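Undergrad: So in the UniProt record's numbering, spot 47 of the sequence shown is number 47, and the numbers just go up one at a time.
Heads up, the beta-carbon is just placed ideally off N, CA and C, and yes, glycines get one too.
Computed from a predicted model, the values in this text were never measured in an experiment.
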Amino acid sequence: MQLPNDVWNTIISEAKKSVDCLKDPEVVSNILNILKTNIRASKALGAPYVHQLTKIYQDILHIYKVTSENINQAIRMNGPMVVK
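(1) Do VAL82 and ALA74 have their CB atoms nearer than 7 Å?
(2) Per the contact definition of three or more C-beta pairs closer than 8 Å, is the segment 36 to 54 in contact with the segment 15 to 23?
(3) Is the beta carbon of ILE39 less than 7 Å from the beta carbon of TRP8?
(4) In angstroms, rounded to a whole number, what distance separates the CA positions of ASP6 and ILE31?
(5) In whole angstroms, what is the alpha-carbon distance linking ASN70 and SER42?
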């Protein structure tokens with residue numbers, strides 16, 4: 001999990017400076033890949049995965065909140081067709 005965690009930490013560091021980085025398609029793609037990797041790890045490891053989850057849980061919640069706000073803002077500015 002070292003490589004995904006390193007990329008994750010870089011993304012979180014950048015997001016703490018400016019949440020606008022979370023709108024970058026490459027960053028979004030990296031986040032999705034990291035989340036998929038974590039899903040696979042959680043299925044494979046079971047209960048021991050809790051250690052990894054405690055490292056990223058609060059960050060996941062923050063990214064979810066920011067992403068939800070970005071989607072809502074895009075809908076307000078461009079209408080509901082923007083999400084289709």
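TA: Answer, in terms of the structure:
(1) Along the sequence shown, one-based indexing puts residue 82 at 82. Along the sequence shown, one-based indexing puts residue 74 at 74. The answer is yes: Cβ separation under 7 Å.
(2) no
(3) Here residue 39 corresponds to residue number 39 of the sequence shown, with the count starting at 1. Here residue 8 corresponds to residue number 8 of the sequence shown, with the count starting at 1. Contact flag unset, no.
(4) Here the question's residue 6 lines up with position 6 in the sequence shown. Here the question's residue 31 lines up with position 31 in the sequence shown. Approximately 12 Å between the Cα atoms of the pair.
(5) Against the sequence shown, residue 70 aligns to sequence position 70. Against the sequence shown, residue 42 aligns to sequence position 42. When rounded, the distance between both Cα atoms is 28 Å.
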